[in-house]
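**Student:** Input: one structure, supplied below.
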Amino acid sequence: MSQITPRVPKGMRDFPPSVMLKREYVFDVIREVFHLYGFEPIQTPVMELNETLMGKYGEDAENLIYSAKHGRSSKDEISLRYDLTVPLSRFVAMYENDLNFPFKRYHIAPVFRGERPQRGRYREFYQCDADIVGIGSMAADAEVVSLAVTALRRLGFKQFEVKINHRKLLTAIGKYSGVPDEQLPDLYRSVDKFDKIGAAGVQKELEERGIAADVVTRMMELITSQKPGLENLDFLESVFGDMPEAGNSINELRDLAKNLMVAGVPQEFYAIDFTMVRGLGYYTGPIFETIITEPNLGSIMGGGRYDELIGLFRRESLPTTGISLGIERIIDLMDELDLYPAHIGGTVVDVFVTVFDEDTREDSLRVASTLREAGINTELYMEDKKLGKQFNLADKKGIPIVAVLGPDEITRGVVTLRRLKDGKELSVEQALMAKTVRELLS
RNA sequence: GUGGGUGUAGCUCAAUGGCAGAGCAUCUGAUUGUGGUUCAGAGGGUUGUGGGUUCGAGCCCCAUCAUCCACCCCA
């Protein structure tokens, strides 16, 4: 039989133990913060029916959806999920009678997009979503923004800013300036690149798309009115606050900001920014995003309000808002900035129990069992090699403590515990073993 | 989907068109109750793959695959 070159599909990855330990640390921190804010987990299938997924993301995005088919089937009716938000909407519509509202759920799971891979961009990647279903007020939006800030801070990030904008406000700015309705998507797309191409770039691009120069200029003046704190909102209100759509969204942003302030979210971590836009079509209210530019990894957190999406699965929609943490980019960033606590990433093993020779193997096994009984992560040596090799192995794996149990120790009823880091060595009775290990570890 | 860069030992990378190499890692020994340091030695390659040019190709040309970067889009 001919041998097959082992490889994984493009944009998909294997993770060895050293990487998984770091990933799980990140997941654990995020999960903890989700619990802290009272969110509870759900799980849904990796695949959904095409009818569930199609028509929710826009045409470009749909070309990136992986379809799935099994061998006997000629039908092509199910696909891998593209995000966790649409599955949530289906879930809520299906089980609304069994859920308590507001329904606060989190979901940590892989999603699939057939894009060309790049740094921080994969075809299979995890999303960590937290959403609140059933609340239309800014209390919910403030809650998810506050949660995102807390999560990023607990992971060790010191400098970041959650940018906040409002989909309807942006629309109002466009309309007020004279952008035709059918060109609003072009407007969003170009403004979204503001960080990358600057004001002049946006201006140029919009004019190339056929929007009149004076319209673009008027629009740019409004979105780039960067004043401290909430003064941006005051400015916009003075200009066109009497348009109902504009007035409402300005008030919503004020309300959101007030909630954040009362909640004690430090102001350095969020800002209102009219140049931030998000691509997905289903947003209807406040939108959030955190972009990291150094290194240039793009968005590590995004979200917003999507009050109409559940309505695609149910007679009446339910107001919903949420955020998604881009865990893969967060992990890449944490690697780069070295934000992991010292104990993460080496091994889960606390003690390596050596075996002196065949005659003492059973004694070593008993020692290992005693340690495990006491809740200490223990690796028992299973081959027949010199003690020096065993030490070498323990050290290479980063195991902090080695237990030595030779004929000498056995006759004295003790175990020698050696901490590899500094060579500190103690011989203790087996009854005191677990306690001593804990002391050596601390 | 568009444009570009790079593919040589497990890893990082050398090699004017002329004998395929170094460092690190691995394994063995110096060391039969104690790892990291040191010393000595060993293994490891169809130069991503397939064609072409040439007396001769790791090097030049074409194709293909992989990977990275910039777009599009996005986490």
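Under the numbering used here, the first residue of the first sequence carries the number -11, and numbering increases by one thereafter. Glycine included, each C-beta is placed from N, C-alpha and C at the ideal position.
Please confirm if the stretch 78 to 92 is in contact with the stretch 112 to 122, defined as three or more CB-CB distances below 8 Å between the two stretches.
**Tutor:** Contact holds: three or more Cβ-Cβ distances are below 8 Å.
**Student:** Evaluate the contact criterion for the stretch 246 to 258 versus the stretch 127 to 139: three or more CB pairs, one atom per stretch, below 8 Å.
**Tutor:** Flag = yes, the stretch 246 to 258 and the stretch 127 to 139 touch.
**Student:** Tell me where the alpha helix (DSSP H) around N153 begins and ends.
**Tutor:** Looking up residue 153 in the first sequence gives position 165. N153 -> not in any alpha helix (DSSP H); beta strand (DSSP E) instead, spanning V150 to H154.
**Student:** Hey, how far is the Cα of G229 from the Cα of L158?
**Tutor:** For the purposes of this step, residue 229 is taken as residue 241 along the first sequence, with counting starting at 1. For the purposes of this step, residue 158 is taken as residue 170 along the first sequence, with counting starting at 1. If you take the alpha carbons of G229 and L158, they lie about 13 Å apart.
**Student:** Determine which residues share a DSSP beta bridge with Y45 and list them.
**Tutor:** Looking up residue 45 in the first sequence gives position 57. The partner list for Y45 (beta bridge, DSSP) is empty, contrary to what the question assumes.
**Student:** Find out if the Cβ-Cβ distance for the pair E240, T272 is shorter than 7 Å.
**Tutor:** Numbered from 1 along the first sequence, position 252 holds the residue referred to as residue 240. Numbered from 1 along the first sequence, position 284 holds the residue referred to as residue 272. No. Outside cutoff.
**Student:** Would you call the stretch 178 to 191 and the stretch 298 to 308 in contact, with 3 or more CB pairs under 8 Å?
**Tutor:** The stretch 178 to 191 vs the stretch 298 to 308: no contact.
**Student:** Straight-line CA distance for E346 to Q418?
**Tutor:** Taking the first sequence and counting its residues from 1, the one referred to as residue 346 is at position 358. Taking the first sequence and counting its residues from 1, the one referred to as residue 418 is at position 430. Looking at the two C-alpha atoms, the distance is approximately 20 Å.
**Student:** With DSSP as the reference, label Y328 as helix, strand or coil.
**Tutor:** Start at 1 with the first residue of the first sequence, and residue 328 comes out as number 340. Correct three-state label for Y328: coil.
**Student:** Quick one: Cα of G401 to Cα of K412, how far?
**Tutor:** Along the first sequence, read from residue 1 onward, the residue named residue 401 stands at position 413. Along the first sequence, read from residue 1 onward, the residue named residue 412 stands at position 424. For G401 and K412, the distance between alpha carbons rounds to 20 Å.
**Student:** Nearest-angstrom Cα distance between E103 and G269?
**Tutor:** By 1-based counting over the first sequence, the position of residue 103 is 115. By 1-based counting over the first sequence, the position of residue 269 is 281. Near 18 Å, if we compare the C-alpha coordinates of G269 and E103.
**Student:** Going by DSSP, which residues form a beta bridge with A56?
**Tutor:** Residue 56 sits at position 68 when you count from the first residue of the first sequence. Answer by DSSP bridge pairing, in chain order: I66.
**Student:** In chain order, what residues of the same chain lie with their CB nearer than 8 Å to the CB of D2, ignoring the 5 residues before and after it?
**Tutor:** Numbered from 1 along the first sequence, position 14 holds the residue referred to as residue 2. The answer, listed in chain order, is V(-4).
**Student:** So, helix, strand or coil for S287, using DSSP?
**Tutor:** By one-based count along the first sequence, residue 287 stands at place 299. Looking at S287 - three-state DSSP - the assignment turns out to be strand.
**Student:** Residues in the same chain with beta-carbon distance under 8 Å from M0, minus the five sequence neighbours each way, listed in chain order, please.
**Tutor:** Looking up residue 0 in the first sequence gives position 12. If we look at M0 and ignore the five residues flanking it on each side, its Cβ neighbours are Y110, R111 and E112.
**Student:** Under a three-way DSSP split, which group does D295 fall into?
**Tutor:** Mapped onto the first sequence, residue 295 falls at position 307. Coil at D295, not helix or strand.
**Student:** Identify every residue that forms a DSSP beta bridge with Y258.
**Tutor:** Within the first sequence, numbered from 1, the residue matching residue 258 stands at position 270. Y258 is bridged to V150.
**Student:** Of all the options A56, Q191, F344 and E225, which has the alpha carbon lying nearest to the alpha carbon of N38?
**Tutor:** Taking the first sequence and counting its residues from 1, the one referred to as residue 38 is at position 50. Taking only the C-alpha atoms, the option nearest N38 is A56.
**Student:** What three-state label does DSSP hand F113 in the structure shown?
**Tutor:** Locating residue 113 in the first sequence gives position 125, where the first residue counts as 1. F113 falls in the strand class under three-state DSSP.
**Student:** Excluding sequence positions up to five away, which residues of its chain have a Cβ less than 7 Å from the Cβ of L321?
**Tutor:** Position 333 of the first sequence, counting from 1, holds the residue named residue 321. Here the set comprises I280, L285 and I288.
**Student:** Secondary structure at M370, three-state DSSP: helix, strand or coil?
**Tutor:** Here residue 370 refers to the residue found at position 382 of the first sequence. Coil at M370, not helix or strand.
**Student:** Helix, strand or coil for Y13, going by three-state DSSP, please let me know.
**Tutor:** The residue given as residue 13 occupies position 25 in the first sequence. Three-state result, Y13: helix.
**Student:** R142 and V265: beta carbons closer than 7 Å?
**Tutor:** Here residue 142 is taken as the residue at index 154 of the first sequence, counted from 1. Here residue 265 is taken as the residue at index 277 of the first sequence, counted from 1. Taking 7 Å as the Cβ cut-off, R142 and V265 do not qualify as a contacting pair.
**Student:** Put T433 into one of helix, strand or coil per three-state DSSP.
**Tutor:** Since the first and last residues shown for the chain are -11 and 430, residue 433 lies out of range.
**Student:** Where does E316 sit, in a helix, a strand or coil, going by DSSP?
**Tutor:** Within the first sequence, residue 316 is the residue found at index 328, counting from 1. Note: E316 maps to helix in three-state DSSP.
**Student:** Check whether the stretch 342 to 359 and the stretch 323 to 332 are in contact - that is, three or more C-beta pairs closer than 8 Å.
**Tutor:** No: the two stretches stay apart, fewer than three of their Cβ pairs being nearer than 8 Å.
**Student:** List the whole-angstrom C-beta distance separating L68 from F27, where the pair is believed to meet the contact cut-off of C-beta under 8 Å.
**Tutor:** Indexing the first sequence from 1 puts residue 68 at position 80. Indexing the first sequence from 1 puts residue 27 at position 39. Contact flag wrong, Cβ pair sits at about 25 Å.
**Student:** Quickly, what does DSSP pair A251 with across the bridge? List them, please.
**Tutor:** Counted from its first residue, the first sequence places residue 251 at position 263. Answer is none; A251 lacks a bridge partner.
**Student:** Leaving aside the five residues before and after E316 along the sequence, list all residues of the same chain whose C-beta is less than 7 Å from its C-beta, in chain order.
**Tutor:** Within the first sequence, residue 316 is the residue found at index 328, counting from 1. So the qualifying residues of the chain are G108, Y110, F113 and Y114.
**Student:** With a CB to CB cut of under 6 Å and the five nearest residues on each side skipped, what residues in its chain are close to Y25?
**Tutor:** Mapped onto the first sequence, residue 25 falls at position 37. So the qualifying residues of the chain are L135.
**Student:** Looking only at its chain, what residues have a beta carbon closer than 6 Å to the beta carbon of S352, apart from the 5 residues adjacent to it on each side?
**Tutor:** Counting from 1 along the first sequence, the entry for residue 352 is found at position 364. Excluding positions up to five away in sequence, the list reads V341, V343 and L393.
**Student:** Among E84, V336, Y369 and T205, which one has its Cα closest to the Cα of T348?
**Tutor:** As a working mapping, residue 348 is identified with position 360 in the first sequence. It is Y369 whose Cα lies nearest to the Cα of T348.
**Student:** From G186 to Y45, what does the alpha carbon distance come to, in whole angstroms?
**Tutor:** Within the first sequence, the letter at position 198 stands for residue 186. Within the first sequence, the letter at position 57 stands for residue 45. Roughly 27 Å between the two C-alpha positions.
**Student:** Considering E413, what are the terminal residues of the beta strand (DSSP E) in which it resides?
**Tutor:** Here residue 413 refers to the residue found at position 425 of the first sequence. Taken as a continuous stretch (DSSP letters only), the beta strand (DSSP E) holding E413 covers E413 to E417.
**Student:** Note the first and the last residue of the continuous beta strand (DSSP E) segment covering R142.
**Tutor:** Within the first sequence, residue 142 is the residue found at index 154, counting from 1. No beta strand (DSSP E) contains R142, which is instead part of the alpha helix (DSSP H) from M126 to R142.
**Student:** Assuming the contact rule is C-beta atoms closer than 8 Å, L408 and D383 should be a hit. Round their C-beta distance to whole Å, please.
**Tutor:** Indexing the first sequence from 1 puts residue 408 at position 420. Indexing the first sequence from 1 puts residue 383 at position 395. Right, the Cβ-Cβ distance comes to about 5 Å (below 8 Å), so this counts as a contact.
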